[in-house]
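Novice:
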Amino acid sequence: MATIFIDNIPYTVKDGRNLLHACLSLGFDIPYFCWHPALHSVGACRQCAVKQFRDEKDTRGKIVMSCMTPAAEGTRISINDPDVKRFRRSVIEWLMTNHPHDCPVCDEGGECHLQDMTVMTGHDYRRFRFRKRTHRNQYLGPLVNHEMNRCIQCYRCVRFYRDYAGGRDLDVFASHNRVYFGRHADGLLQSEFSGNLVEVCPTGVFTDKTLKEHYTRKWDLQTAPTVCVHCGLGCNTISGERYGSVRRIINRYNRDVNGYFICDRGRFGYGFVNSGERIRTPLIRRSKSGEMGPVSREDALKHLEGILYFGARVIGIGSPRASLESNFSLMTLVGQEHFYAGISEQEQSLIDRIVDILSRGPAPAASLKDAEEADAVLVLGEDITNSAPRLSLSLRQAALNKPMETARKMRIPEWNDTAVRTALQGRRGPFFVAATAATKLDEIASGVLHAAPDDIARFGFSVAREVDGNAPDVLLSAEMTALAGAAADALKNAERPLVVAGMGCGSEAVIQAAAQAAWALCGTGKKARLLFIVPECNTLGLGLMTRRGIGAAVKAVAEGGGDTVIVMENDLFRRADETKVKEFFRGFKQVIVIDHVRTATTGHADVLLPSCAFAESQGTYVSSEGRAQRSFKVCMPEGDMRESWRWITDMAEIAGRPEGKTWRNIDHVVKALAGLMPVFAGIEHAAPQAGFRMTGLRIPRQPHRASGRAAISANVNVHEPKPPVDSDSAFSFSMEGYEGMPPPELIQRYWSPGWNSVQALNKFQEEVAGPLRGGDPGVRLLQPGPLEVPAYFREIPPSFRQREDSWLLVPLYHIFGSEELSVFSPVIAGISPEPYIGIGDQDMKRLGVNEGDAVAVTLPGYSRVFPVKKTAGLPEGIAGMPAGLPSAGWTGLPAWAGIVKKVLHKEEDRHA
Amino acid sequence: MISILRTIWKVFLHLFRKRVTIRYPEERPSLAPRWRGRIVLSRDPDGGERCVACYLCAVACPVDCISLQAAEDEAGRRYPSFFRINFSRCIFCGFCEEACPTYAIQLTPDFEMCEYMHRNLVHEKEDLLISGPGKYPEYSFYRVAGLAISGKDKGEAENESAPVDVKDLMP
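Those protein sequence lines, which keep their order, are chains A and B.
Position 899 of the first sequence, counted from 1, bears residue number 899 in the working numbering, the numbering being contiguous throughout.
Position 128 of the second sequence, counted from 1, bears residue number 128 in the working numbering, the numbering being contiguous throughout.
(1) Is the beta carbon of A/Y792 within less than 7 Å of some heavy atom of the ligand SAM?
(2) Rounding to the nearest angstrom, what Cα-Cα distance links A/G361 and A/F793 in this structure?
(3) Just how far apart, CA to CA, sit B/A58 and B/I85?
(4) My output table needs one value for A/N236: the three-state DSSP class, helix, strand or coil.
(5) With distances taken Cα to Cα, identify the nearest neighbour of A/I343 among A/A690, A/D124, A/I550 and A/V810.
(6) What span of residues does the alpha helix (DSSP H) with B/Y142 cover, start to end?
(7) Go through its chain and collect everything with a Cβ distance to A/A681's Cβ below 6 Å, but skip five positions before and after it.
(8) In chain order, which alpha helix (DSSP H) runs of at least 4 residues are fully inside the segment 388-426 of chain A?
(9) Contact criterion: CB-CB distance below 8 Å. Does A/F173 meet it with respect to chain B?
(10) Pull up the distance between the alpha-carbon of A/A912 and that of A/F866, whole angstroms please.
(11) Beta-carbon of B/H172 versus every beta-carbon of chain A: anything under 8 Å?
(12) Going along chain A in order, which residues have a C-beta closer than 8 Å to the C-beta of B/G155?
(13) Chain B beta carbons: is any one of them nearer than 8 Å to that of A/H303?
(14) Is B/I2 helix, strand or coil by DSSP?
(15) So that I know if they touch, is there some Cβ in chain A lying closer than 8 Å to that of B/T102?
(16) By alpha-carbon positions, which one of B/F87, B/C93 and B/E49 ends up nearest to B/G76?
(17) Which chain B residues sit within Cβ distance under 8 Å of A/G109?
(18) Consult DSSP for A/K51 and reduce its assignment to one of helix, strand or coil.
(19) Can you pull the chain B residues whose beta carbon is under 7 Å from the beta carbon of A/P215, in chain order?
(20) Three or more C-beta pairs closer than 8 Å, one from the segment 396-405 of chain A and one from the segment 18-32 of chain A: is that the case here?
(21) Please classify B/I2 as buried or exposed, where buried requires at least 16 neighbouring CB atoms within 10 angstroms.
(22) Just to confirm the assignment, what range does the beta strand (DSSP E) spanning A/R88 have?
(23) Quick one: is A/Y125 buried, meaning 16 or more other Cβ sit within 10 Å of its Cβ, or exposed?
(24) For the segment 128-149 of chain B, enumerate the residues whose C-beta is nearer than 8 Å to any C-beta of chain A, in chain order.
(25) Look up B/K179 in the DSSP assignment and give the residues it is bridged to.
(26) Please go through the same chain and pick out, in chain order, the residues whose beta-carbon is closer than 7 Å to the beta-carbon of A/A322, but skip the five residues on each side of it.
(27) Looking at the structure shown, is A/N251 part of a helix, part of a strand, or coil, going by DSSP?
(28) Under a Cβ-count criterion, where at least 16 other Cβ atoms within 10 Å of its own Cβ denotes burial, should B/M170 be classed as buried or exposed?
(29) Establish whether the CB of B/V40 and some CB of chain A are separated by less than 8 Å.
(30) For A/P389, collect the residues of the same chain with a Cβ closer than 6 Å to its Cβ; drop the 5 residues on either side in sequence, then sort them by chain order.
(31) If you measure beta-carbon to beta-carbon, which residues of the segment 687-721 of chain A are closer than 7 Å to chain B?
(32) Below 6 Å CB to CB, which residues in the same chain sit around A/V42 once its five sequence neighbours on both sides are set aside?
(33) When the Cα of A/A371 is compared with those of A/I666, A/K589, A/V257 and A/E405, which residue comes out closest?
(34) Which of the three DSSP states is assigned to A/I315 in this structure?
(35) In the DSSP assignment, what are the bridge partners of A/N493?
(36) Please confirm if the segment 101-109 of chain B is in contact with the segment 16-26 of chain B, defined as three or more CB-CB distances below 8 Å between the two stretches.
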């Protein structure tokens with residue numbers, strides 16, 4: 001702790017901070033541009049000037065940049081000195097000499113940091129009489145819009161894109177007042193984090209192109225805190241709605257999870273909520289061969305009365321993309337013994353293993369923040385950049401932790417970004433990647449292994465053996481042994497080693513190997529952590545709830561039969577082979593499907609009930625770290641669309657169960673779940689309950705400036721409709737309510753007087769870049785048990801052997817395309833890859849194919865023709881295929897497949 | 001007593017003053033151009049819609065009676081895909097006109113807006129859009145803005161220099 005004097009008043013600040021960070025944390029308003037809490041200081045914009053005095057006798061002082069000056073003990077500064085105020089006003093005036101007259105047509109307007117800072121410094125009238133410099137824009141793809149005239153040369157974009165996120169295709173060009181931030185040529189930004197430029201850019205150079213399609217100002221957006229549903233990491237987001245459609249997603253700060261940034265899939269994947277594929281009314285099939293016909297909610301429920309009669313054998317299939325509440329209500333309706341997770345057998349065995357390992361300990365699950373703080377990383381079998389993109393951003397920072405010691409030794413403060421990077425000289429810390437094909441993280445790795453899943457597992461086991469001699473021995477090639485030795489040494493010498501694995505390569509052995517390595521490290525007294533990547537937003541929550549997947553359901557039906565199956569928010573054709581699923585459905589008299597988008601499964605429904613997407617529903621999701629987080633409704637569902645748990649509660653009432661009457665709001669469901677299953681006891685505290693009020697008031701979803709209330713629906717009825725009442729949360733659907741700062745779980749937007757941009761976030765944190773006031777949201781459900789190392793896994797898979805006639809087909813992940821929901825967004829569908837077969841260099845020669853040639857792929861019950869794509873890093877005997885692409889169908893990878901060159905006679909054969 | 005007589009005398013004198021009230025509707029009042037009556041959306045001198053759908057009028061409106069949605073046409077010009085004013089709520093304060101950065105929304109000296117039906121006071125863009133520039137005949141927003149639209153490239157707006165050649169190495 002250090003004492004600094006600001007305008008002669010003493011304040012205590014934390015050590016190792018710069019003056020800007022300290023002053024903002026204390027609540028002072030100092031304008032700034034180039035400084036960013038996650039990107040630190042470079043002193044490029046000269047905006048955050050303050051006057052520093054030598055001692056109390058010094059009256060002249062000198063102007064310094066507060067972001068580049070340490071807040072050392074006894075520092076005396078003035079923020080309000082007339083000289084610095086004039087200085088700051090002049091800096092803005094210079095920046096504005098070239099700023100175009102664009103605010104009315106600029107998407108940043110109303111949440112623009114440049115607007116805020118201009119008002120803050122008091123610059124108002126343009127005195128500059130000369131010409132403005134102009135730039136040509138570039139096409140940067142369908143996600144980010146470029147309007148270069150508005151640039152103020154703060155360099156934040158390239159510092160984020162290149163230095164922080166490891167991107168290469170955005171840079172700064174030209175010199176002096178002509179500097180230009182863009183790509184070498186028009187084209188899609190290649191980084192998975194390009195969307196963060198929208199928030200990082202203090203003005204309107206980079207804006208959200210998907211928002212532009214249905215542009216709405218920040219002050220009109222009805223917003224609520226949500227949890228991203230596009231992967232298992234559980235990033236916190238704020239979703240905004242206007243006129244009944246979701247308009248955009250931005251990052252919601254949670255220091256323990258996503259911090260300041262989210263990935264592009266999370267930011268731009270929301271289009272499925274507004275998609276034409278949404279199911280909007282209940283549909284029922286009157287006769288087995290007939291068409292589905294729309295009915296009202298009442299008629300649908302009446303129809304269900306004939307299906308859910310007393311004594312009917314009903315089974316329920318839950319979903320890893322539905323909330324805990326919805327899954328639990330289905331489990332309650334059908335009974336625990338008739339509830340199945342609805343994930344593939346392979347996924348089920350993998351998630352079971354992960355749950356066992358994480359709840360047993362001693363290595364606890366790592367949060368994204370833990371991952372960012374790790375100083376040695378071992379990645380086993382995951383293409384993180386594509387399967388859990390936000391994690392790869394954390395790991396890129398983790399790779400700098402070890403070399404940071406050099407900077408620390410040279411006594412360079414951590415916030416002095418340029419100096420730190422110069423000291424680091426591009427060095428990275430220990431970072432080992434073992435994957436089936438080349439990944440983007442290979443470029444920062446100190447050791448890379450490309451091998452079959454079994455060999456990756458053997459490598460992991462070997463690392464464990466190198467760390468702890470008691471672990472079982474593995475025979476590897478000399479090259480792999482050396483790499484395992486290097487990885488083990490690095491992990492042993494680290495303070496906070498991290499092992500990352502996941503469900504991506506479909507191998508249980510890889511998960512066990514990761515656990516083995518972490519346990520071995522724990523045995524040597526290291527605080528090793530484990531991070532398992534799970535594919536969907538509630539995979540882990542569902543894994544904690546039940547251990548029976550689709551396989552168990554098929555088996556149970558084959559043995560005992562059933563009358564009715566209820567499939568909730570799940571496309572079973574993504575979980576198992578097509579014929580198997582069809583046969584499964586044929587085993588029932590009635591198939592009830594509850595979902596929000598049309599999938600292959602909804603086509604097999606006899607009763608189809610419209611549920612809500614994340615933006616219209618409230619629920620709790622468990623992230624890969626075991627953190628239960630609550631997501632809230634942004635808007636009320638239209639018409640007959642209802643949350644799955646509400647449909648199921650209605651069915652419970654029909655079936656005569658007590659829950660049908662007692663579950664009136666979501667808190668009742670949460671309470672019942674927390675009471676029944678001890679592992680979920682914590683979820684009651686994941687967020688304040690529905691009855692929560694601030695000074696007796698609800699928290700408004702709309703900003704106090706929201707406009708158009710008296711005109712929005714005036715074309716239908718001049719009498720304003722009463723705003724809907726949210727019975728599930730403390731939020732209101734209006735601009736009326738508590739104006740101050742809500743509790744951290746209920747932060748629905750960042751705004752503070754004078755701070756209209758997202759940077760108002762500074763005011764919501766205890767300390768800038770620190771935890772939110774009141775603590776970071778979410779409750780960790782998995783507390784590892786005993787600290788002694790459990791018995792090692794002794795079953796080690798044999799090493800991979802190449803086959804003459806067939807190929808091991810492994811899944812290849814794509815940030816856009818592999819995930820189910822985001823692909824329903826037209827913009828994401830447009831940049832998703834077409835199905836292909838990835839083959840390595842050597843194997844292409846063996847097969848006698850070139851890139852683009854067609855090959856026929858045969859798996860048990862699956863035969864298709866796809867073009868070949870050269871895929872770097874695939875070992876010999878292994879081919880890859882994009883995972884999860886809707887047009888490719890379910891393949892159940894990894895599996896042995898026959899691949900033969902196919903000579904196409906006609907173009908149509910490709911689709912045969 | 002004297003004050004009462006004085007008052008009566010003053011009222012008596014008023015009989016010989018010029019009348020202020022007029023016989024509306026036979027006689028029409030003459031209203032100043034700045035009079036705040038019915039709201040219109042005007043056009044640029046080149047005939048394009050002036051409104052760029054910036055939402056400033058809507059947010060300035062104290063009774064929240066303006067609602068619109070922004071869109072962009074092929075020429076790159078922003079325009080409102082719908083623009084609705086609920087005149088049954090409008091208080092004719094003129095804040096929208098003051099807020100408008102493009103002189104698009106203007107209050108006119110027309111107050112004759114009586115309707116039997118409440119809903120007929122809800123005006124859509126077709127009802128609001130006039131064919132001329134209204135009170136500001138010269139102004140065109142895109143001539144000053146940095147945004148390129150078809151027919152006006154980068155660097156062609158007022159007080160703009162030609163776009164920078166990024167590959168130029170001259171000092």
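The beta-carbon is built from N, C-alpha and C at its ideal position, and this holds for glycine as well.
Specialist: On the basis of the coordinates in this document:
(1) Inclusion of the ligand SAM in the displayed structure is not the case, the ligand content being empty and no account of it being possible.
(2) 14 Å
(3) 9 Å
(4) strand
(5) A/I550
(6) F141 to V144
(7) A674
(8) 389-398, 404-409 and 417-424
(9) yes
(10) In this predicted model, A/A912 has a pLDDT of only 44, less than 50, meaning its place in the structure is not dependable enough to derive any value.
(11) What the structure shows of chain B is the stretch from 1 to 171, and residue 172 of chain B is not part of that stretch, so it cannot be assessed.
(12) T134
(13) no
(14) helix
(15) yes
(16) B/E49
(17) C54
(18) strand
(19) The amino acid at residue 215 of chain A is misidentified as Pro; the sequence shows Tyr. Here the neighbours are A70.
(20) no
(21) exposed
(22) Where A/R88 is concerned, there is no enclosing beta strand (DSSP E), although the alpha helix (DSSP H) it sits in stretches over P82 to M96.
(23) exposed
(24) F141, V144, A145, G146, L147 and A148
(25) The structure shown has nothing for residue 179 of chain B, since chain B only spans 1 to 171.
(26) N538, M568, E569 and S644
(27) strand
(28) exposed
(29) no
(30) E192, C263 and I815
(31) R705, S707, G708, R709, A710, A711, I712, A714, N715 and V718
(32) C34, D417 and T418
(33) A/V257
(34) strand
(35) For A/N493, which the question treats as bridged, DSSP gives no partner whatsoever.
(36) no
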